[in-house]
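Those protein sequences? They're chains A and B, same order as listed.
For the first sequence, the numbering used here begins at 1 and goes up steadily by one.
For the second sequence, the numbering used here begins at 1001 and goes up steadily by one.
For reference, the structure is listed below as structure tokens.
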Amino acid sequence: MSEFTVNKTYAEINARIKSGEAVVVTAEEMVDVVKKEGPVGAAKKIDVVTTGTFSIMCSSGAFFNFGQTTPTIKAAKVWVNKVPAYAGLAAIDIYLGATEPTEDDPLNKVYPGEFGYGGGHVIEDLVAGKKVFLEAKAYPTDCYANTKCKKELTLADMKHALLCNPRNGYQNYNCAVNLSEKTVYTYMGMLKPNCRNANYCSAGELSPLLNDPLYRTIGMGTRIFLGGGIGYVTWQGTQHNPQALRGKNGVPKRPAGTMMVQGDLKQMSAKWLKGVSIRGYGTSMAVGIGVPIPILNEEMAQFTGVSDEEIFTQVVDYGHDYTNGIQRNYGEVSYAQLKSGEIEVAGKKVATAPLSSVVKAREIAELLKKSIMEKQFFLSEPVDQFPTVDFSFDNSNK
Amino acid sequence: MYTRIYKLMFPKEASDQPIIYRLVKQYDVQVNILRGEITPQHEGNLILEFKGEADKVRAGLAFLKEQKIGVELFATKVSRDEEQCFQCGACTGACPVGALHIRRTDMAVLFDPEKCTGCGHCVRICPVKAMNVSFDQLARVAS
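Next up, the structure:
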């Protein structure tokens, strides 16, 4: 006997998608549905909630097989548009990471460095259909006699191109301030001295993992929107931490879960994969991800009904604490407060700026909703779960 | 405090004069050189940001005219590449005048060129280089 009033299976939801009967809403729309109908009512009514996020996501990159040369080569060092790629895999397999700058980048020698081009930009150029210049060096063997190669190629010329991001879609993230007396340039952007601005980076109520806080439906094998194409969640991401402090709604109040995602780069688009330059920090890539969440029961309805008012994060000092590994925060703020443009830190009003695009996150959730309603996208049941923690809603007083 | 951008055109005859030195020393005008070019056998051009009390900047400009230096008021023009911008909002924390701002109802990141003073902070901050700055002539300074 199930503990839930509403019980749906993936197969039932997919059958409803196939017959055109599935009711799909975005995570933003779900907030009102759950408020109005309650979790049970919402679970009866809604089949799928679509989420989305589009932001700079470090720990992204791609595997390429760039095709053989004559004579053959076992590439040992490889550069694509002067950006070093890792070649210690096989003969012509490489991994190109998003945060790798061009080899001749001045880095932070002229501070704060500009970091004009890097691995993320190479990936964007490739998906945009541009030619890239590949150079390889090798030591000769009897089976791979070539010692160097230079060639121009496009994504279509690659034998294989796989976007493979070991950590994306962070479930919540710090709100960054700078309590020191000089400006700092961080991966959380430029932070003015004496706490004069605060940057945050999450899609809040639209964010995938904030809508499935205990990883009930997002797991190994979940089919997702990735960079404009279809991808899969293949593992929990690096640094995945289910133990992070959580609220009564199960939603973490600290950086917690993460996803490793993969997908065929050849299907993707430069609209949803963008190389970025973060002043004083380095290069990276903005990645668009959308995850559909099946409303299997009233618990999933309650999870996906979460609003910005009920999602909290901590304020962390990046002027001193973060760099020195000091685990300390300056209070908690909700995403509703962050999105209002002003928060209070230690009694002082501080202006906020986002680093994660709500407009694009919403667009992804809408795109995913449309493809499901048009029977182009079906849900996949995870073959295994992410590490998680025990949790159940205490609805006794409701 | 008065801040404006001017283009100064130095005729050949003025090229051996320490004009900027006198501007700073005698008129107490802060200058920030944004661009400079000298065409061989011709005149030199400088694009400068002037900062100072309005009276002093005005006196400095009068001095420049006495020296037969051509002066044109310039505006830095900032534009946004709408294709490239993904509306993350990072620029809204750097913009000192709210020309880049967020419409709270839908979190759209908007750019109002009317409010923009051309400081260029956003150009340095934008992670996808969607913000561009150019120098455009506004008008010849009235005498």
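The C-beta atom is built at its ideal place from N, Cα and C for all residues, glycine as well.
Residue-level contact check: Gly189/A touches chain B, since one or more beta carbons of chain B fall below 7 Å from its beta carbon. At a cut-off of 7 Å, the C-beta of Pro166/A has no neighbouring C-beta in chain B. Residues of chain A with a Cβ closer than 7 Å to the Cβ of Val1128/B are, in chain order, Lys274, Val276. Excluding five sequence positions before and after Leu206/A, the CB atoms of its chain that fall closer than 8 Å to its own CB belong to Thr26, Ala27, Glu28, Thr51, Gly52, Thr53, Val358, Ala361, Arg362, Ala365, given in chain order. Take the alpha-carbon of Lys35/A and the one of Ser340/A: they are about 21 Å apart. Distance from Gly250/A to Val31/A at the Cβ level is roughly 16 Å; contact not present, criterion being Cβ atoms closer than 8 Å. Approximately 6 Å separates the beta-carbon atoms of Tyr86/A and Ile94/A; this is inside 8 Å, confirming the contact. Distances from the CA of Cys1085/B to each of Ser307/A, Asp321/A, Leu265/A, Val276/A were compared; the closest alpha carbon is that of Val276/A. Of all residues in the segment 1080-1104 of chain B, only Phe1086, Gln1087, Cys1088, Gly1089, Ala1090, Thr1092, Gly1093, Ala1094, Ile1102, Arg1104 place a beta-carbon less than 7 Å from a beta-carbon of chain A. Residue contact check for Met1107/B against chain A: a CB pair falls below 7 Å.
Listed along chain B is no residue with a C-beta nearer than 7 Å to that of Val306/A; the closest approach is about 17 Å. Contact between the segment 1114-1129 of chain B and the segment 1080-1095 of chain B is established, with three or more Cβ pairs separated by less than 8 Å. When DSSP states are grouped into helix, strand and coil, Tyr1021/B belongs to the helix group. As summarised for the segment 300-347 of chain A, the continuous alpha helix (DSSP H) elements at least 4 residues long and confined to that stretch are 335-340, given in chain order.
For Ser380/A, the secondary structure class from DSSP, reduced to helix, strand or coil, is coil. When beta bridges are read from the DSSP output, Asp93/A appears opposite Asn65/A. For Ala136/A, the uninterrupted beta strand (DSSP E) run begins and ends at 132-137, by DSSP. For Ser357/A, the nearest CB of chain B lies under 7 Å from its own CB, placing it at the interface with that chain. Interface flag for Arg279/A against chain B is set, since a Cβ pair is found closer than 7 Å. Nearest C-alpha to Gly319/A among Ala11/A, Thr183/A, Met259/A, Val291/A: Thr183/A. Under the 7 Å criterion on CB atoms, Ile1125/B is classed as interfacial with respect to chain A.
Distance from the CA atom of Gly231/A to the CA atom of Ile326/A, rounded to whole angstroms, is 37 Å.
DSSP lists no beta-bridge partner residue for Arg279/A. Boundaries for Ile1125/B: no beta strand (DSSP E) harbours it, while the alpha helix (DSSP H) harbouring it runs 1121-1125, taken from the DSSP string. Looking at the DSSP output, Ile56/A shares a beta bridge with Ala286/A. Straight through space, the alpha carbons of Lys271/A and Val48/A are spaced by roughly 25 Å. Met259/A: member of the beta strand (DSSP E) spanning 259-264, first to last residue. In this structure Lys1025/B is exposed. Its beta-carbon is surrounded by fewer than 16 other beta-carbon atoms within 10 angstroms. Under a criterion of Cβ atoms nearer than 9 Å, no residue of chain B is adjacent to Ser392/A; the nearest Cβ is some 33 Å distant. Inclusion of Gly221/A and Ile311/A in the CB contact set at 7 Å is not warranted, their separation being larger than that value. The beta carbon of Asn211/A sits no closer than 7 Å to any beta carbon of chain B.
Beta-bridge pairing by DSSP links Ser356/A to Ser55/A. The beta-carbon separation of Leu265/A and Val350/A, rounded to 40 Å, does not stay under the 8 Å limit for a contact.
In this chain, the beta strand (DSSP E) harbouring Phe1074/B covers 1070-1080. One finds Arg1104 in chain B with Cβ atoms closer than 8 Å to the Cβ of Ser340/A, taken in chain order.
When only Cα atoms are considered, Asn178/A and Gly263/A end up about 37 Å apart.
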